[in-house]
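Reviewing the structure listed below.
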Amino acid sequence: GAVVSQHPSRVICKSGTSVKIECRSLDFQATTMFWYRQFPKKSLMLMATSNEGSKATYEQGVEKDKFLINHASLTLSTLTVTSAHPEDSSFYICSASRTSDYNEQFFGPGTRLTVL
Amino acid sequence: AQTVTQSQPEMSVQEAETVTLSCTYDTSENNYYLFWYKQPPSRQMILVIRQEAYKQQNATENRFSVNFQKAAKSFSLKISDSQLGDTAMYFCAFSPDNTDKLIFGTGTRLQVFP
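The listed protein sequences correspond, in order, to chains A and B. First residue of the first sequence: 4, per the numbering used here; consecutive thereafter. First residue of the second sequence: 20, per the numbering used here; consecutive thereafter.
Below you can see the structure in the form of structure tokens.
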């Protein structure tokens, strides 16, 4: 149990376009979902926290108009990178938590975004 | 501010040997959770082990065990009988009791040699 999927796993886009990444909890209802960014050989940097039906809470320094997060249901959150630029190229990881799991987060497999 | 420090960027160990990865953290909270996550080359984050701060007994999961020293704010991971499949990045993480957020350390890259 506690499987999280992400789609797509890999995306290449042109500069100026928008890209949407989906994160789904497949076999449980997630009370909270998280979006991280990871640079090569670096740790995970939390971008935002989202709860179903409410606005996401962004970490300091993360542009909320650039990285749009929608948490439409207890099993789906989306991250849209708007007007992507090469510096947005990175590995994006989502995770989900549920109330009963002592703060444990279940991670998706990640999405590699390359902006040309 | 709550921080997590992993002072070993890279470690190596021979197959079947034991290795210990270090982690220290800083917090004023009394109740919290600590985790070790593994990130193999596939980049899928996998939970290795979890410790609740209110429990004095060190957590153990098969070949993985922790040495939790609350007063020293230390949470090291011991891997016994290392296997080639243990080769990965290992992240120590801290989560306050009143939030689901995880604060990650910078990671330790572990290489297991045959």
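Backbone N, C-alpha and C fix where the C-beta goes; we use that ideal spot for every residue, glycine too.
Under 7 Å Cβ-Cβ, which residues of chain A neighbour residue i?
i: Gly126 of chain B; result: Ser46
Any C-beta of chain B sitting closer than 8 Å to the C-beta of residue i?
i: Gly19 of chain A; result: no
i: Thr114 of chain A; result: no
i: Ser100 of chain A; result: yes
i: Gln9 of chain A; result: no
i: Glu107 of chain A; result: yes
Answer with yes or no whether the minimum CB distance from residue i to chain A is below 8 Å.
i: Met64 of chain B; result: yes
Tell whether a beta-carbon distance below 8 Å holds between residue i and residue j.
i: Lys97 of chain B; j: Thr39 of chain B; result: yes
i: Leu82 of chain A; j: Ile24 of chain A; result: yes
i: Val65 of chain A; j: Val22 of chain A; result: no
i: Ser84 of chain B; j: Glu34 of chain B; result: no
Does DSSP put residue i in a helix, in a strand, or in coil?
i: Pro115 of chain B; result: strand
i: Leu103 of chain B; result: helix
i: Asp68 of chain A; result: coil
i: Asp30 of chain A; result: coil
i: Glu90 of chain A; result: helix
i: Tyr39 of chain A; result: strand
Residue i versus chain B: which residues are under 8 Å apart at the beta carbon?
i: Thr35 of chain A; result: Asp119
i: Phe31 of chain A; result: Residues of chain B passing the Cβ test: none, with the nearest at roughly 14 Å.
Which bits of chain A does residue i rub up against, with CB to CB less than 8 Å?
i: Tyr44 of chain B; result: Ordered by position in chain A, no residue passes the 8 Å Cβ test against Tyr44 of chain B, which lies about 14 Å from the chain.
Exercise. Quick one, which residues of the region 43-67 of chain A are near chain B if we go by CB-CB under 7 Å, in chain order?
Worked result: Cβ contacts with chain B come from Ser46, Leu47, Leu49 and Thr52.
Problem set entry | Contacting positions in the region 102-127 of chain B - beta carbon closer than 7 Å to chain A | So the list reads Phe110, Ser114, Asp119, Lys120, Leu121, Phe123, Gly124, Thr125 and Gly126, given in the order they occur along the chain.
For this session: Below 9 Å between beta carbons is the criterion; list the residues of the region 60-85 of chain B that meet it against any residue of chain A, in chain order.
Result: Under the 9 Å Cβ criterion, the region 60-85 of chain B contributes Ser61, Arg62, Gln63, Met64, Ile65, Leu66, Arg69 and Glu71.
Exercise. Using a beta-carbon distance cut-off of less than 9 Å, what residues from the region 69-96 of chain A approach chain B?
Worked result: Here the close residues are Phe94 and Ile96.
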